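Asker: Structure below; questions to follow.
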Amino acid sequence: MKGLEKFLIPIADALSKNKVLIAIRDGFMYAVPVVIVGSLFLLISNFPIDGWSEMIASFAGEGWEKYFDAVISVTFDCYALLSVLGIGYAYGREKGVDKIESAVVSLVCFLMITPMAHTAFTNADGKVFGGFAFSNLGTKGIFLAMIVAIVATEIFAFAIKKKLVIKLPEGVPPAVMDSFAALIPAGLAMLVFFFVNMLFVNTSFGNAHAFIYEVLQAPLVGLGKSQGFEVIYQFLSTLFWFFGINGPAVTNTIFAPIHKALTLENYELAKAGLPMTNVFTSAFSDFFCNFGGGGSTLGLVIMMTFMAKSKRLKTLGRMALPAGIFGINEPIIFGFPMVLNVIMVIPFILCPVLNTIVGQIATAIHFIPVTTGVQLSWTTPIFISGYLTTGSINAIILQFLMLLMNMAVYYPFFKMQDNKYLEEEMKSANDKKKDELDDLSFDDLKLD
């Protein structure tokens, strides 16, 4: 344990304080609200109930789904645009420069290296289609968006720190002063990406999007499709929690972009009328690998609430159960505690891994379908989340069986801990009674 602590904590500390990784993590989070809203529109237009579309069409008219496409497309098909803005903003904050200008410069640089002519689409007059393709602004552009936002903001911040700015006399309105101050830094960033675009246009790849996708994104997404990907993610996230470090906050800086790409790829496949193939999406990770937060502790909290004999665990269970239903389990992590608890470490790490394996097998044998492109908040309760992300009643059954499995794994360790706390409580009560008896004195007794 000491060896693991000595090895892991410096790594986790370095990752959690790295400005680039923080910017990528937070940048994706800025897009979450609109993506969830877009997911709700996607869910309504494709609600997993037979006859749903026909029922809505009876009063809204045939083809009512097309009205929802505008919201769905601008959130899913433009996810790279949302990401470059969010990451540019977050990295500007980390570098201590103008956040809005950082986001704007990142967006402009990203669009500069995005193809605007598509020779594959030529009309009868020989004119090539001009404009931005959703394929470059969505799934395939995510990793390039990350790189561009970081590099463009780095150049922007470097120029400002070196005082390569235009200074205006005092009395000029702040908005005007800030815009002129950003002029040279923004120009330098755009100049760099002007040459980057020129370089890639004259290669066999044709553009930076094709290069990054083939060299970086496709291999990483391929790794995300491998059987061990989600197991490694869940294991590391829970292991960091064991040492008191917010596991997902560390691991998501690396794994979240791959989860996002796999999720959006499923959406693209479904939109094209093709079968979805990616198992390890964001929804699968959130709703089939962990119930009640890190370590999949919802089953443990239920047992604490209804089966614990020690006052400590019973009281803590009652307090933690409402939050646990919505995936929040810091009260258990630090109140049980799970941190550095050698009794509970085995089920704490084992349950998410077992859930991942069972969920993968259930998907492979078609007991449940692959999760759709719908993205729900990670706080969505068990059973509701399973149905909404798959459209299958079997997903509810699977989640219930997994919950029972987690309770079975936790049970012997829970009993050990409960008995330990009960013994301590009884000892404390006996010591208190003994102290009260020791405090009694015959001198205090008076005879009438």
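Counted from 1, the sequence shown has number 366 at position 301 by the numbering used here; the numbering is strictly sequential. Built from N, CA and C at the ideal position, the CB exists for glycine as well. The structure presented is a predicted model; accordingly, all values stated were derived computationally and were not measured.
Using only the alpha-carbon positions, how far apart do Val162 and Asp91 sit?
Answerer: Locating residue 162 in the sequence shown gives position 97, counting from the first residue. Locating residue 91 in the sequence shown gives position 26, counting from the first residue. Roughly 16 angstroms between the two C-alpha positions.
Asker: Excluding the five sequence neighbours on either side, which residues of its own chain have a C-beta within less than 6 angstroms of the C-beta of Leu463, listed in chain order?
Answerer: For the purposes of this step, residue 463 is identified with residue 398 of the sequence shown, where counting begins at 1. Cβ neighbours of Leu463 beyond the five flanking positions: Ala427, Ile433.
Asker: Do the segment 379-390 and the segment 350-367 make contact, defined as three or more Cβ pairs closer than 8 angstroms?
Answerer: The segment 379-390 makes contact with the segment 350-367; the number of CB pairs closer than 8 angstroms reaches 3 or more.
Asker: Relative to the C-alpha of Leu229, which residue among Ala246, Gly157, Val237, Thr421 is closest?
Answerer: For the purposes of this step, residue 229 is identified with residue 164 of the sequence shown, where counting begins at 1. When only C-alpha atoms are compared, the closest one is Ala246.
Asker: Give a yes or no on whether the C-beta atoms belonging to Phe270 and Met177 are separated by under 9 angstroms.
Answerer: On the sequence shown, residue 270 is found 205 positions in, with the first residue counted as 1. On the sequence shown, residue 177 is found 112 positions in, with the first residue counted as 1. No, these two residues do not count as a Cβ contact at 9 angstroms.
Asker: How would you label His431, buried or exposed, when you count the other beta carbons within 10 angstroms and need 16 or more for buried?
Answerer: In the sequence shown, residue 431 corresponds to position 366, counting from 1. Exposed, since its Cβ has fewer than 16 Cβ neighbours within 10 Å.
Asker: So, using beta-carbon positions, are Ala373 and Phe308 closer together than 9 angstroms?
Answerer: For the purposes of this step, residue 373 is taken as the residue at position 308 of the sequence shown. For the purposes of this step, residue 308 is taken as the residue at position 243 of the sequence shown. Result no, Cβ atoms of Ala373 and Phe308 do not sit closer than 9 angstroms.
Asker: Measuring only the C-alpha atoms, how far is Ala473 from Thr380?
Answerer: On the sequence shown, residue 473 is found 408 positions in, with the first residue counted as 1. On the sequence shown, residue 380 is found 315 positions in, with the first residue counted as 1. The straight-line gap from Cα to Cα measures roughly 21 angstroms.
Asker: Can you find the residues in the same chain that come closer than 6 angstroms, C-beta to C-beta, to Leu147, ignoring five residues on each side of it along the sequence?
Answerer: Taking the sequence shown and counting its residues from 1, one reaches residue 147 at position 82. So the qualifying residues of the chain are Ala96.
Asker: Who are the Cβ neighbours of Leu415 in its own chain at under 7 angstroms, not counting the five residues just before and after it?
Answerer: Numbered from its first residue, the sequence shown carries residue 415 at position 350. Result list for Leu415: Val474, in chain order.
Asker: To the nearest whole angstrom, what separates the beta carbons of Tyr144 and Thr218, a pair I think is in contact under 8 angstroms?
Answerer: Here residue 144 corresponds to residue number 79 of the sequence shown, with the count starting at 1. Here residue 218 corresponds to residue number 153 of the sequence shown, with the count starting at 1. Rounded, the Cβ-Cβ distance is 19 angstroms, inconsistent with contact.
Asker: Taking Ile165 as the reference, give the member of Val136, Thr187, Ser244 with the closest Cα.
Answerer: Stepping through the sequence shown from its first residue, residue 165 is reached at position 100. That would be Ser244, whose Cα lies nearest to the Cα of Ile165.
Asker: Where does Ser104 land, buried or exposed, given buried means 16+ other C-beta within 10 angstroms?
Answerer: Numbered from its first residue, the sequence shown carries residue 104 at position 39. Counting the other Cβ atoms within 10 Å of the Cβ of Ser104 gives 16 or more, which makes it buried.
Asker: Measuring straight from C-alpha to C-alpha, what distance separates Ile87 and Ile220?
Answerer: Translated into the one-based positions of the sequence shown, residue 87 becomes position 22. Translated into the one-based positions of the sequence shown, residue 220 becomes position 155. Cα to Cα, the separation comes out at about 18 angstroms.
Asker: Identify every residue that forms a DSSP beta bridge with Phe194.
Answerer: Translated into positions along the sequence shown, residue 194 becomes position 129. According to DSSP, which records beta bridges pairwise, Phe194 is partnered with His183.
Asker: When DSSP labels each residue in this structure, what does Lys336 get in the three-state scheme?
Answerer: Taking the first residue of the sequence shown as 1, we reach residue 336 at position 271. Lys336 falls in the helix class under three-state DSSP.
Asker: Please return the same chain residues whose Cβ sits closer than 8 angstroms to the Cβ of Ile461, not counting the five positions on each side in sequence.
Answerer: Here the question's residue 461 lines up with position 396 in the sequence shown. These residues qualify, in order along the chain: Phe448, Gly451, Tyr452.
Asker: Measure the CB-CB distance between Ile393 and Gly382 and report whether it falls below 9 angstroms.
Answerer: As a first step, residue 393 must be located in the sequence shown, where it is residue number 328. As a first step, residue 382 must be located in the sequence shown, where it is residue number 317. Contact flag unset, no.
Asker: Quick one: which unbroken alpha helix (DSSP H) runs of 4-plus residues sit fully inside the segment 89-161? Chain order, please.
Answerer: The qualifying runs are 117-125, 131-137, 144-160.
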